[in-house]
Amino acid sequence: MSQAGKNGLTYSDAGVDIDAGNLMVEKIKPAVKSTRRPGADGEIGGFGGLFDLKAAGFKDPILVAANDGVGTKLKIAIDADIHDTVGIDLVAMCVNDLVVQGAEPLLFLDYFATGKLDPDQGAAIVQGIAAGCREAGCALIGGETAEMPGMYSKGDYDLAGFAVGAAERGELLPAGDIAEGDVILGLSSSGVHSNGFSLVRKIVEVSGLAWDAPAPFAEGQSLGAALLTPTRIYVKPLLKAIKETKSLKALAHITGGGFPENIPRVLPQHLAAEIDLSSFQVPAVFSWLAKTGGVAQNEMLRTFNCGIGMIVVVSADKVDEVTKALEAEGETVARLGRMIAREEGAHGVTYKGTLAL
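Taken in order, the sequence shown gives residues 1 to 357; the numbers are from full-length UniProt numbering.
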């Protein structure tokens with residue numbers, strides 16, 4: 001064999017298929033286009049995505065940026081071979097973090113890395129991302145697909161998302177007027193959302209159930225599909241309530257770390273949140289996880305949302321107005337507790353009652 005023949009390697013011999021990448025781009029173009037909004041034209045293929053803040057209606061905006069991933073929930077998607085919802089989680093984890101600062105999500109970029117690119121699987125993932133963007137009202141203006149043989153095992157992939165939003169100067173949250181006696185409202189979650197899944201997977205292992213087994217806590221669904229229920233996107237109801245009532249003082253997105261880690265992030269040092277754990281309904285999935293894994297209440301509270309995905313702080317005289325505005329947009333609102341004085345050295349969250357696990 002000639003020297004040239006021996007050394008005539010190609011990129012595809014190394015495991016990277018440029019044609020598969022091009023095919024995926026063609027497959028996702030309609031999904032990307034569906035996320036168009038004022039300020040973005042929704043075309044992809046350039047070296048960077050463009051956004052026009054003036055066309056989006058902003059006069060003197062502050063930009064707010066957030067990035068996140070889906071975590072080991074992806075492993076369930078891979079093992080259960082269900083790929084069309086994790087993109088919604090990716091968007092939700094980023095845009096919910098923007099809206100808690102009073103910002104309207106405007107644009108989104110994704111990063112999708114895999115060992116071997118399957119254009120159909122990739123397109124299903126991006127279609128989920130586009131669905132999340134439509135729900136949040138932000139445009140998917142670009143992304144990166146990386147085929148990296150040797151970095152990821154067969155079938156494995158990872159996702160990261162980057163969102164940018166804006167608020168007019170002076171309208172960012174939390175407001176500086178949170179006071180003792182303010183009321184804490186909670187908005188229901190859709191399930192486990194997208195954190196704590198390393199523990200979820202451990203509990204499933206203990207249960208001995210397969211991903212395609214019937215879910216013990218959700219009738220008519222497989223265990224994999226039920227656990228993959230996408231994270232709720234709270235953006236449009238919250239933006240509407242902020243605009244209509246002008247009464248939301250603070251918001252907290254309940255993700256990894258649950259109540260005790262996320263609520264204090266938006267509170268002044270002299271105040272604590274007193275939460276009545278019996279004031280809201282705990283979805284069946286959390287009862288099943290706690291029971292099957294023998295997980296203690298406090299461990300549940302610092303790992304999972306336990307049924308409340310978003311916290312809203314309002315003054316006592318605005319509770320009815322804000323509740324009504326949120327319920328009109330389809331949210332389930334619980335009155336969780338109130339703001340109390342924080343003792344020196346005390347934690348920012350205290351509990352009354354017990355979780356109905």
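Where a beta carbon is used, it is the ideal one built from N, C-alpha and C, also for glycine. Since the structure is predicted, the reported quantities are computational estimates derived from the model, not experimental observations.
What first and last residue would you give for the beta strand (DSSP E) that runs through residue i?
i	result
residue 250	250 to 253
residue 271	271 to 276
residue 313	308 to 314
residue 112	104 to 114
residue 67	61 to 69
Can you say whether residue i is buried or exposed, counting buried as having 16 or more other CB atoms within 10 angstroms of its CB?
i	result
residue 206	exposed
residue 241	buried
residue 214	exposed
residue 30	exposed
residue 151	exposed
residue 98	buried
residue 253	buried
residue 343	exposed
residue 324	exposed
residue 269	exposed
residue 87	buried
residue 281	exposed
residue 39	buried
residue 212	exposed
residue 55	exposed
When the Cα atoms are used, what is the spatial distance from residue i to residue j?
i	j	result
residue 251	residue 183	12 Å
residue 123	residue 93	20 Å
residue 1	residue 16	In this predicted model, residue 1 has a pLDDT of only 48, less than 50, meaning its place in the structure is not dependable; the value taken from the coordinates is given anyway. About 25 Å.
residue 89	residue 267	26 Å
residue 41	residue 33	8 Å
residue 176	residue 258	23 Å
residue 128	residue 333	27 Å
residue 47	residue 142	9 Å
residue 130	residue 197	23 Å
residue 302	residue 35	35 Å
residue 203	residue 245	42 Å
Please identify the residue among the options whose C-alpha is closest to the C-alpha of residue i.
i	options	result
residue 228	209, 129, 256 and 192	192
residue 51	127, 348, 355 and 166	166
residue 178	58, 115 and 247	247
residue 49	66, 110, 197 and 23	110
residue 330	322, 209 and 265	322
residue 71	65, 91 and 64	91
residue 199	288, 10 and 319	288
residue 79	153, 278 and 312	153
residue 272	278, 279 and 262	262
residue 366	58, 67 and 264	Past the edges of the chain, shown from 1 to 357, lies residue 366, and the structure says nothing about it.
residue 108	120, 355 and 136	136
Under DSSP, the alpha helix (DSSP H) around residue i begins and ends at which residues?
i	result
residue 209	Careful: residue 209 lies outside any alpha helix (DSSP H) and carries neither H nor E.
residue 25	18 to 33
residue 13	Note, residue 13: premise wrong, no alpha helix (DSSP H); not H, not E.
residue 283	Unbroken run through residue 283: none, as it is neither H nor E.
residue 79	73 to 80
residue 237	235 to 245
residue 302	297 to 303
residue 58	No alpha helix (DSSP H) contains residue 58, which DSSP labels as neither H nor E.
residue 259	258 to 262
residue 49	Premise fails: residue 49 is in no alpha helix (DSSP H) and is neither H nor E.
Does any C-beta atom of chain B lie closer than 8 Å to the C-beta of residue i?
i	result
residue 277	No chain B is part of this structure, which consists of one protein chain only.
Let me know the beta strand (DSSP E) ranges lying completely inside the segment 128 to 203, each 3 residues or longer, listed in chain order. 139 to 147, 157 to 168 and 183 to 188
For the segment 318 to 348, list the alpha helix (DSSP H) runs that are entirely contained and at least 4 residues long, ordered along the chain. Segments of the alpha helix (DSSP H) lying fully in the segment 318 to 348: 319 to 328.
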